């Protein structure tokens with residue numbers, strides 16, 4: 162696929178968001194119902210991710226990406242009240258999400274991540290910045306709600 166040349170900050174933002182959507186949309190058939198954010202993984206789940214989230218039903222889709230190609234590097238994982246083991250806000254501002262199968266993801270959602278835009282054949286890759294400040298704030302609000310929902314579900318089963 163031919164990658165567009167990027168000349169401005171706005172173009173880089175648009176190009177990177179389009180690439181994140183393409184990587185996510187290629188794995189998730191009902192992708193239209195999710196808000197997306199770029200995440201940087203830490204600890205045992207390092208690397209770039211695109212995370213889709215929705216409030217009803219409350220769910221996260223974690224899609225690891227290859228940062229050089231901006232394509233999926235592993236199968237996307239759905240996290241919801243049927244398979245979540247824990248969700249936590251870590252003191253450094255990152256999140257940790259675990260599933261009942263033992264997978265644990267730790268990541269943060271920067272307001273302005275800088276990523277590589279894959280190169281066209283014969284040209285060099287470029288760096289671009291995503292403006293996702295409002296999306297990062299919305300994601301933080303979602304995670305507060307998600308943690309509350311899970312806490313209520315856990316207390317109902319006790």
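In my numbering, the protein residues as written are 162 to 319.
Using N, Cα and C, we set each Cβ at its ideal position, and we do this for glycine too.
Treat the numbers as computed from the prediction; the structure is a model and nothing was measured.
Within the same chain, and ignoring the five residues on either side of residue 274 in sequence, the residues whose Cβ sits closer than 8 Å to its Cβ are 199, 201, 290, 291 and 293. Residue 193 counts as exposed, since fewer than 16 other beta carbons sit within 10 angstroms of its beta carbon. If you look at residue 199, you'll find it in the beta strand (DSSP E) that goes 196-203. Spanning the alpha carbons of residue 244 and residue 284 requires a straight line of approximately 44 Å. Ranked by Cα distance from residue 230, the options 279, 190, 267 and 224 are led by 279. Judged by their CB atoms, residue 226 and residue 211 are nearer to each other than the 8 Å cut-off.
In the structure shown, the three-state DSSP call for residue 232 is strand. Beyond the five residues adjoining it in sequence on each side, residue 247 comes within less than 8 Å, by CB distance, of 257, 258 and 259 in the same chain, given in chain order.
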